[in-house]
Each structure stands twice: as structure tokens, then as C-alpha cells.
Amino acid sequence: MKSYTIFQKSDDETVNNFLSWMRNQERGVYRAAVRELGALKKLRPQFIQQKSVEEQFAWIKKMLTWKPAETIADHLLQVWLIRKHEGMLISFIETLGIEHNGHGVVDVLPESLDSEKLKAAVDALFEKYPAGAVSVYLHMFQNQTEEGWPELQAILDTDERVTIR
Numbered sequence: 001m002k003s004y005t006i007f008q009k010s011d012d013e014t015v016n017n018f019l020s021w022m023r024n025q026e027r028g029v030y031r032a033a034v035r036e037l038g039a040l041k042k043l044r045p046q047f048i049q050q051k052s053v054e055e056q057f058a059w060i061k062k063m064l065t066w067k068p069a070e071t072i073a074d075h076l077l078q079v080w081l082i083r084k085h086e087g088m089l090i091s092f093i094e095t096l097g098i099e100h101n102g103h104g105v106v107d108v109l110p111e112s113l114d115s116e117k118l119k120a121a122v123d124a125l126f127e128k129y130p131a132g133a134v135s136v137y138l139h140m141f142q143n144q145t146e147e148g149w150p151e152l153q154a155i156l157d158t159d160e161r162v163t164i165r
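For the sequence shown, the numbering used here begins at 1 and goes up steadily by one.
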């Protein structure tokens, strides 16, 4: 699932929590996103910044569901996952036995995933973290390779805890 599709299918609460965190914790990234999204529609950032926070979030979400904004959506989701949910990333990849840089960033991805380890990793994430964040992460992880992993795709397609459909 592409990042713009994740925004299309995500519930408003998850997106609003995401945008609120971006706006409060990653101000520079948030402003850059507003600027870049505005540029896609030939709007000045001030036009968007003058809106109420609720209107800004609604407009940003609408823009992030648009395919031409895919690169911006990818970047925002990556920042959110790496900076806010580092523990979730580390837990997942360590359970899978994948080497990383200590912050959950992987340089070499495996060609296949062990089904038992994957199930244990997914179960652990859903026990400890919000379902919306886990669902976004699992879809973004699946996007890390051209074809993804069939073992993970099976979970994304059948696990009822995955809130993005």
C-alpha cells in the first residue's frame, strides 16, 4: 500500500494524532510539508497557515491522499515512525533478527521473513502500541522492497487488528 493510500484509508483520529505530533514536535518538517503541499496546488504557505488547526489538518490530510503528494507523504510517515515510534521499529526488527543501526533503521533487508518470528513480532507490536501506528508501520515496512514479503502481505490481508484496509 502506497503512502497516499495509507492516508486515504486511515481513520481521522490516527491522522489527526499524527499531524498534531508533527506540528508540535517536528515544526520544521511540518512547515516544509505545508509549503510543499501548497506548492502542488500553487498556494502560498500563508494561505494554509491562516486556517484553524482543524482546517489545516483536514486540508493536509486531503492533500496527502493525492498521488502527486506521495513523496511528501512518504517522508512525513518516515519521520513520524523513526522519531516518534523508534521503540516500535526496534522491537519489530529485533524480533525478526534483522540487523539495524540501533535506531531501527535497516541497511540490508532480508529476502524472506520467518513466519513464526513475524507472527510473534506483529503480536508483540499490537500488544504494546496503538493499532493505527502499528498498521501504518507494517504497511510502510512492506513497501521497503519492490515486491514486499508474502508472509507479511498475508498478515496485512487477514489480520483484523490491521486497521488500514
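Idealized CB from N, CA, C, for every residue including glycine.
Asked: When you compare the region 126–134 with the region 155–163, are there three or more beta-carbon pairs, one atom per stretch, that lie closer than 8 Å?; Found: yes
Asked: Between the C-alpha atoms of HIS75 and GLU116, what's the straight-line distance to the nearest angstrom?; Found: 31 Å
Asked: Whole angstroms are fine: how far does the CA of GLN25 sit from the CA of VAL105?; Found: 20 Å
Asked: Could you tell me which whole alpha helix (DSSP H) segments of length 4 or greater appear in the region 34–93?; Found: 45–49, 53–64 and 70–84
Asked: Here's a check: name, in chain order, each residue in its chain whose Cβ is nearer than 7 Å to the Cβ of ILE66, leaving out the five neighbours to either side.; Found: It is Trp, not Ile, that sits at residue 66 in the sequence shown. Excluding residues within five positions, the ones whose Cβ falls inside 7 Å are TYR4.
Asked: Within this structure, are the beta carbons of HIS139 and ILE48 separated by less than 8 Å?; Found: no
Asked: In its own chain, which residues sit with a C-beta less than 8 Å from the C-beta of LEU152, not counting the 5 before and 5 after it?; Found: LEU113, LEU118, LEU138, PHE141 and GLN142
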